[in-house]
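Throughout the sequence shown, residue numbering follows numbering that gives the first Met the number 0, covering 0 to 608 in sequence. C-beta atoms are modelled at their ideal positions from N, C-alpha and C, and glycine is treated no differently. In this text, all values refer to a predicted model and were calculated from it rather than measured experimentally.
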Amino acid sequence: MNENIIEEIILDNKSSALVLAGPGAGKTRLIIRKLEILAQQDYFNSSGKKALVLTFNKKASIELQSRIEKANIPDSSFIEVFTYHGLGYKILRTYGYLIDISYPLKLFPIDERKALIKELESTYQAFSFDLFYQKYASIANEKDRERFVGKHAQEYADALCSYNSFKEEKGLIDYSDLISKCIELLQNSNWLRRVFQGAYPAILVDEFQDTDQLQFKMLMILGLYSNILSVADEDQIIYEFRGAEEKNINDFIDVFKASKYHLSYNHRSTNNIVQVANSLISNNTNRLSRIPMHTNNPDGSKIGIYMCSSIDEEVLRIKNLIIYWNKENKGNCAILFREKVNLSKIIISRVSKELDEVGVQTYELKPDMILKDPVVQWFIVALRFKEYLTLSLLSEFVLFLPGIGRRTQEKIYDYIRKHDDILYDDVDLALFFSKKQLYIVDGILNELFKSHHILDVFDLAYNKVSEKEKLKNKEKFYGNIRRVIEQETNGSAKELVKNYRYILDVNNLLKLSKNEVFIGTIHQVKGLEFENVVISGVSNGIFPKIKQGVENTIQEERRLFYVGITRAMFNLCITASREWFNPLEKRIERLEVSPFLRELPREYLVFNQ
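Okay, here's the thing in structure tokens:
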């Protein structure tokens, strides 16, 4: 297993290390163990220096912060957890004036940026310009940027010029600028660069394989004199379209003279699933790690391969699999796709409808599917209002009540702009509400303050919001959220308000889900695990989807399929249609067998014709 290697890694404070760890190997656990050792060794004493933890996205950052709070670290004040963009924002916010960036930073509003992107795509016929820009902005070298632009049609260069001109005229900073401008600042200011290079003796990097050129350059500047521990899985590089590069893994070893370790034991999946995943990914060339995953888990069921004559049959096969797993109480299920377009979009719609008709709950997987739910939003606002009792929180709290809308909320906001945010009972609420509305508000406030337990507040939110919103077939969903709240907070409202983004993460929901079905793309479920998985639409041209003129496409597509396979804990089935009716072309199209299916070892498969 991995324990001896982990001990060696976490006890070494003198050299940097790159840990190549496969799915289910415990990458996050390794980072937490390293931080616990640093705390036990009193590594930072009272020097004021910090341990920096860098994550790929905000979700991972929140999860790590919560894991740190629950770890064996009596005082975690020496730890700072940031995304690369978050750290860039922190540095620019304080020192941006050195390169003429004023505070507060003028961040490009999301909706305004979306509108501009849409306009540019239409004006210049620069389709998927945002993907083009993400890749462009991730490139660190200016000449490489010029070469990248030169590979595309002139329309993209024109759209890029207009985009940059718009930002410059408005004095706006977009997401990628938070890193590029931070690098510019650190390169131009010798004293500031030395300050930050001495601020973090230990740096820990999560999911290093997702790092792009610009992020790696930022790490090279900050970590020049640091002890760096990076964990990565080169076989899960599935964000090349955003700029993630396999090359960074090799460069990390060279730049930081890092030791290389392998964690190959898989805690998650059955042996059959592990062996199928190993065989698939071995077809990728130039892999740094040639050590296959292994596990002591039972062999489990063989992987089911369903070659279907049509979409009708594929939908029926998926439906029957889900019904069988539910009947046998096999646990939660995921139906995964390469992307939600064309054939896959049709299958998603039909499977959801047919499962709904037999009483099986399906949820479309999204990272914020819980936090954007109206009951959950109102519940969190209710807790925050109960804690702070401010007028601004009251305006959010009453928004879901019948007869109260945005106009009433705007009245409250206008008052706050003129008089500042104050306690709600320090102002006459009749200024904002009619007599009828005031009666409703007084009633709900009375109910809220009588709800002493956190779960009572959740039940109140469910009952009130369900009066206004259609919550069809979501009883199990809310029941599971209620159980997550109960188990993760110990009844503490303060704990939930502080850590709700982690506590109400979809990961915690999945742990409690029994027979629910989650539908999503493989990109959406990276980092998640399910007891039962169906990967659908695995036909050539759909999965893999080969993009013309894009290097290493087949290898990235294979990695994406590998990620899908390794989400499964116990049961895995793969489905594909031989033909489908293309509604755009208005004709039936024959579909060939995906080459990936030919790469799976037959001894671990069972074919269902």
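Which residues share a DSSP beta bridge with residue i?
i           : result
residue 422 : 389
residue 538 : 592
residue 363 : 518
residue 529 : 567
residue 579 : 588
residue 258 : 16
residue 203 : 52, 228
residue 218 : DSSP lists no partner for residue 218.
residue 615 : The requested residue 615 is not part of the displayed model; the chain covers only 0 to 608.
residue 151 : The partner list for residue 151 (beta bridge, DSSP) is empty, contrary to what the question assumes.
residue 293 : 264
residue 106 : 172
residue 276 : According to DSSP, which records beta bridges pairwise, residue 276 is partnered with nothing at all.
residue 243 : 211
Which of the three DSSP states is assigned to residue i in this structure?
i           : result
residue 211 : strand
residue 134 : helix
residue 603 : helix
residue 225 : coil
residue 169 : helix
residue 303 : strand
residue 142 : helix
residue 79  : strand
residue 30  : helix
residue 573 : strand
residue 198 : coil
residue 191 : helix
residue 119 : helix
residue 114 : helix
residue 125 : coil
residue 248 : helix
residue 286 : coil
residue 488 : helix
residue 372 : coil
residue 70  : coil
residue 96  : helix
residue 598 : coil
residue 501 : helix
For residue i, which residues of its own chain have a beta-carbon under 8 Å away from its beta-carbon, when the five flanking residues on both sides are left out?
i           : result
residue 10  : 36
residue 16  : 8, 227, 228, 229, 257, 258, 259, 260
residue 178 : 83, 84, 87, 213, 214, 217
residue 502 : 65, 483, 484, 487, 488, 494, 495
For residue i, I'd like the list of residues in its chain whose CB is within less than 6 Å of its CB, leaving aside the five on either flank, ordered along the chain.
i           : result
residue 605 : 301, 303
residue 539 : 591, 593
residue 247 : 210, 215
residue 308 : 577
residue 192 : 185
Closer than 7 Å by C-beta to residue i: which residues in its own chain qualify, once you throw out the five before and the five after it? Chain order, please.
i           : result
residue 119 : 125, 128, 158, 161, 162
residue 346 : 310, 313, 314, 535, 536
residue 490 : 452, 453
residue 112 : 173
residue 77  : 43, 49, 50
residue 353 : 314, 318
residue 225 : 199, 200, 201, 202
residue 461 : 374, 477
residue 223 : 196
residue 219 : 254
If you measure from the CB of residue i, is any heavy atom of the ligand NAD nearer than 6 Å?
i          : result
residue 12 : Among the ligands in the structure shown, none appear at all, so the ligand NAD cannot be discussed.
### Task
Could you tell me which uninterrupted beta strand (DSSP E) segments, each at least 3 residues in length, are contained entirely in the stretch 306-356, listed from first to last along the chain?
332-336
#### Entry: Segment contact flag, the stretch 383-395 with the stretch 500-514, C-beta cutoff 8 Å, min 3 pairs
no
### Message
Could you tell me which whole alpha helix (DSSP H) segments of length 4 or greater appear in the stretch 396-460?
### Response
For the stretch 396-460, whole alpha helix (DSSP H) runs of length 4 or above, ordered along the chain, are 405-418, 434-449.
### Task
Say whether the stretch 362-374 touches the stretch 423-432, bearing in mind that this needs 3 or more beta-carbon pairs closer than 8 Å, one atom from each stretch.
These segments do not touch.
#### Entry: Contact between the stretch 194-202 and the stretch 47-54 (3+ Cβ pairs under 8 Å)
yes
### Message
Would you call the stretch 163-178 in contact with the stretch 141-152, where contact means no fewer than 3 C-beta pairs closer than 8 Å?
### Response
no
### Query
Counting Cβ pairs, one atom from each stretch, are 3 or more of them under 8 Å apart for the stretch 442-450 and the stretch 324-337?
no
### Message
Can you confirm whether the stretch 483-502 touches the stretch 371-388 when touching is taken to mean that 3 or more C-beta pairs between the two stretches lie within less than 8 Å?
### Response
Yes, they touch.
### Message
Count Cβ pairs between the stretch 315-329 and the stretch 553-567 that sit closer than 8 Å; are there 3 or more?
### Response
Pairwise C-beta distances place the stretch 315-329 out of contact with the stretch 553-567, as fewer than three of them are shorter than 8 Å.
### Query
For the stretch 261-281 against the stretch 24-31, are there 3 or more C-beta pairs whose distance is under 8 Å?
yes
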